[in-house]
Every structure is written in C-alpha cells, then in structure tokens.
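A short worksheet on the structure shown next.
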C-alpha cells in the first residue's frame, strides 16, 4: 500500500525519515464531497417533512420515522460497515455505500406513499453511515502525520458545511423543484463520486484484523432501539401501562442484556465493554448523545412549528432561512471552542455549553401564539452555541482519553451514540409535541394556542435533557486539550455529525471499531501488511495507555 512503512521487531519505523504521504486529490474529493452530501441530506429532511406529508397524503407524525428510522439504522450499521471495509476492502464497501445511497435517493424521489419514503430513508441511514465510516478510513490510509491531519481537516470542514447548509438548500429546493429535487441532486452528486473513487482511490484492507464480523451485535442494537423508539412514539396512544408499551420496553431491555452477553464473547465486538470503565470516555459519549438528540429534536419540532399555517405559516424556504441563526451560532462559537476548553478544561466547557443550551430551551418554554420569529432568534443562537461548545470538547475527549490502539473503538462508540441520541430524542419530543397539542385541541383550545403549548412542552423536555448534560462535566474533569490547531477547529465544527481524530492515526481501525481510524502514529509508520501478528506497542503507545488509565480513574 502506498506510503506504508514496515515496523521492525522493536516496533520502530524503518523509514521515519521518508516524507509523509499526502492524500491525493481524488480520494480527498470522493470522501469530502460524499460527506458533504450525506450531512446536507440528513439535516435537510426535517424541513421537507410538511411538503412530503402533503404530497404523499401521510401525517407528519407517521413521517417522523423518516428521521428516526434513518438514525436507528445508522446506529446499528456505522461500526459494522467500517469493520466490513477492513475485511472486504474499504474502497469496495465505500462504493457499495455510494450505490446504496443513490438507490435510496431514487426510491424516495419516486415515492408515492409515506411508507416508501420511510423505507427509503432507512436504507439511506445504512448508506450514509457506510459512506462516513469508510470515507474516513480511506483518508487515514492515504496519508499520515501532518498530511493526514490536513486531509481530515478538509473532510471535517465539508461535513460541517453540509450539515449547516442542508436546511437552507432543502427549503430552497422545495420551492424551486419540489421536495424530490433534493434527492435527485444528491443522487447525481453521489453518482459523480463513483468514477472518481474507481479511478483515483486504491483498495486497502486490514489483513491482520479478525475476519469475524459482529453481526449479532448489529442485530441486537437494532432490536434494542426499534421497540424503544416505537414505545416512545406510540406510548401515549397505546397507554403507558398497556401491554404493547410494556412489551416493547421488555423486548428492548432483553435485547440490551443479550447485547452485553454477545459483546463479551465475540472475537471482534461491536463495542469493547472494557472501554466503558474509562469515565472520561463515558462522559464524553453521553455528552455526544445528548447534543445529537437535542439538536435533531429541536430542528424537527421547530420545522413543524415554523411551517404550520396556524403558527408562523412559513414556506419551506423561509423555514430553512429561519435556521440560519442556529447555524450562525455554531459558526461563531467554533473558533472559540478549543481555546476555551484548553483554558478552563474539558469538563467545565462541556458543563458551560449544556447550561447555555438549557437556558435557550427554557426561554422557548414561554412561547405563546403571539410570538413572532424574532422572539426565537436569541434562544436559537444560545442553544446552538451551547451545544457546539459542549460537543466539540466531548468529541475530542472521546478519542484523546484512550490509548493508541483503542482510538478507533472509542470513535465507533461516540459515533454510534450520535445516531442513538438522534433517534430516541426525536421520538420522545415528537410524542410530547403531538400529545400536548392534541390534548389542548380536545379541551377546546384554539389551534394556535394548542400548537404553542405543544412546542412549549417539547422545549421543556429539551431543557431538562440539556440540563442533564451539565452533570457530565464531573466525568470529564481533569481532562485537558493540549493544543489548538486547524484540525481541532474542524473537529469542533464537524462534531455534530462525526468524531474526527485530532492527532495522526494509522489507517488500520482497531478490531470491531470500523467507524474511525484506530492506531496513533508519531509519523508515517504503519503496521506491516505481511503475515506476521500485530506489532508490539511503541513507547508512545505505552505512554498513551498510561495517560488513558490516569484519565479514566
């Protein structure tokens, strides 16, 4: 493989003096453009839901599964797809992800029913997770050292730009082409990445990795989440003490126990349970879950409120423009996140961010039917800035708090947490919003007042959800970021969609991780692709383990 250096018996590089390999334009373009499209697509869909609902004659409450289903499948697939890339070939699996993404876009664009849209989005969840996981792995094998960090910085910037631009682009396309336009354009852009990948990206895999794939773990993650989200979505209709609700929760709990049992026995587990003894990693992962849940749920409920004729009555384009203060808050806070985290510590930065977000959500609790859009601007900026401030240091700490050979597994856990947070929080907030609105309507309230009450209750849930994150500052106390660089800023900006490594890593993900690079490298050295077993850890890796053990205490 180009740029690889074999390790000698001592684990030292035989070619440390060689120039650091640089990621070619082809692999950088394929990985970055596809990441931009996936993240733009993900963030745009909530803006499209009212238009889709009218066109396919399906209630928005049912189309909620177009959002939660995407996240459910992504949570189950993101680690497994990376592991498949290690075994079958990263380029091959990346191309499969692109093909699946194109097919899902076509299916959704041609859909005439809500069920077809939901199925297409669930397929898209698998495709998006595969593209992000394998795209990052392709970059990690194409470069090393500082050149790798430059490539990852570009990838992170593209991911952040896509997530920020998605609602605006989606709203614009609804008015210009119809909601289907987003998916047709995404399909075309993804298709353009295919020949670039075929021509410019070389195949790579990890011959030293176990051939075992944790399919049972993947299935059990889905079995945990689907009944849980279903109970949150339908519990109010079924009754919280009904057999259906209790049965769903029981299935979810049993699957969780089964998942733990499986992970203890498989050769290459989806989640290394031993890592959960590291309090910094646990705190960072929970923070990431809360941030992803809060931002996804907030955008979902505000999109519905802004576009409801009995509320603000915005068009899709106007609703997309209305999200700009949130995007501006994220952009404004990004350059300050890492320096602030360095100055006050990761734990304090995370706690401060969640406090700010909770205050912004609490302000929306006082919403009434008389509110105009300007009243939402300050809370939106506060929420976005707060969640960005909490998310950046948490994302960095999730991989910096573990030893060198555990970075990929930690990245996999944190990225899975993003999908889980998004699916569970959207389901819970959507249920509260709908239940309170319907209850008020049944009691004779005017429609604008009922909808405002629904939003107020949803905001209260999000305020409590965000406030719960303040306590996570205790788990991350003592951890400090060592420096601020371009890749740190990119990692902070992209933290809403993916965890980026902020130090040079090897392109070989750790067993069972798959969703991110795994081994830290002080230079261009890599693990030999020969038949020998894994190299002994370098002194840098040993020092990393010691730091991780100290951080985890």
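In our numbering, the protein residues as written are 1 to 553.
Ideal Cβ positions, reconstructed from N, Cα and C, are used throughout, including at glycine.
Helix, strand or coil, according to DSSP, for residue i in the structure here?
i	result
residue 240	coil
residue 372	coil
residue 312	coil
residue 89	coil
residue 184	helix
residue 251	helix
residue 213	coil
residue 59	coil
residue 203	coil
residue 197	helix
residue 179	coil
residue 366	coil
residue 264	coil
residue 64	coil
residue 401	coil
residue 323	coil
residue 563	In the structure as shown, the chain starts at 1 and stops at 553, and residue 563 therefore has no counterpart that could be examined.
residue 269	coil
residue 278	coil
residue 143	coil
residue 208	coil
residue 340	helix
residue 345	coil
residue 447	helix
residue 113	coil
With 16 as the cutoff for other CB atoms within 10 Å, does residue i come out buried or exposed?
i	result
residue 515	With a pLDDT of only 39 at residue 515, under the threshold of 50, the placement of this residue in the model should not be trusted; the figure read from the coordinates follows. So residue 515 ends up on the buried side.
residue 124	buried
residue 38	buried
residue 429	buried
residue 519	With a pLDDT of 36 at residue 519, under the threshold of 50, the modelled position of this residue cannot be trusted; read the value that follows with caution. Counting Cβ neighbours within 10 Å, residue 519 comes out buried, since at least 16 surround it.
residue 309	exposed
residue 155	buried
residue 378	exposed
residue 162	buried
residue 409	buried
residue 511	In this prediction, residue 511 has a pLDDT of 33, which is less than 50 and means its spatial position is unreliable; what the coordinates show is noted afterwards. Answer is buried; the Cβ neighbour count reaches 16.
residue 57	exposed
residue 40	buried
residue 273	exposed
residue 59	exposed
residue 556	No answer is possible for residue 556: the residues shown for the chain start at 1 and end at 553.
residue 442	exposed
residue 132	buried
residue 343	exposed
residue 54	exposed
residue 232	buried
residue 211	exposed
Taking C-beta to C-beta, are residue i and residue j nearer than 8 angstroms?
i	j	result
residue 106	residue 66	no
residue 424	residue 228	yes
residue 356	residue 385	yes
residue 398	residue 414	yes
residue 29	residue 102	no
residue 341	residue 332	no
residue 287	residue 472	yes
residue 470	residue 306	no
residue 33	residue 158	yes
residue 474	residue 347	yes
residue 90	residue 134	yes
residue 129	residue 204	no
residue 115	residue 180	no
residue 44	residue 188	no
residue 222	residue 72	yes
residue 98	residue 193	yes
residue 208	residue 417	no
residue 69	residue 121	yes
Assuming residue i contacts residue j (C-beta within less than 8 angstroms), just tell me the rounded distance between them.
i	j	result
residue 361	residue 463	4 angstroms
residue 275	residue 281	6 angstroms
residue 292	residue 422	5 angstroms
residue 459	residue 364	4 angstroms
residue 138	residue 31	6 angstroms
residue 388	residue 337	7 angstroms
residue 433	residue 457	7 angstroms
Does residue i get closer than 8 angstroms to chain E when you measure Cβ to Cβ?
i	result
residue 130	Considering every chain present, this structure includes no chain E. It has just one protein chain.
For the stretch 213-226 and the stretch 133-146, state whether three or more C-beta atom pairs, one from each stretch, are separated by less than 8 angstroms. no
Would you call the stretch 165-177 in contact with the stretch 37-54, where contact means no fewer than 3 C-beta pairs closer than 8 angstroms? yes
Measuring CB atoms only, is the stretch 120-138 touching the stretch 69-81, in the sense that at least three cross pairs come out at less than 8 angstroms? yes
Quick test of the definition: if touching needs 3 or more C-beta pairs under 8 angstroms, does the stretch 86-101 touch the stretch 178-197? yes
The stretch 364-384 touching the stretch 247-258, judged by at least three CB pairs closer than 8 angstroms: no
Could you tell me whether the stretch 262-269 touches the stretch 365-377, where touching means 3 or more Cβ pairs closer than 8 angstroms? no
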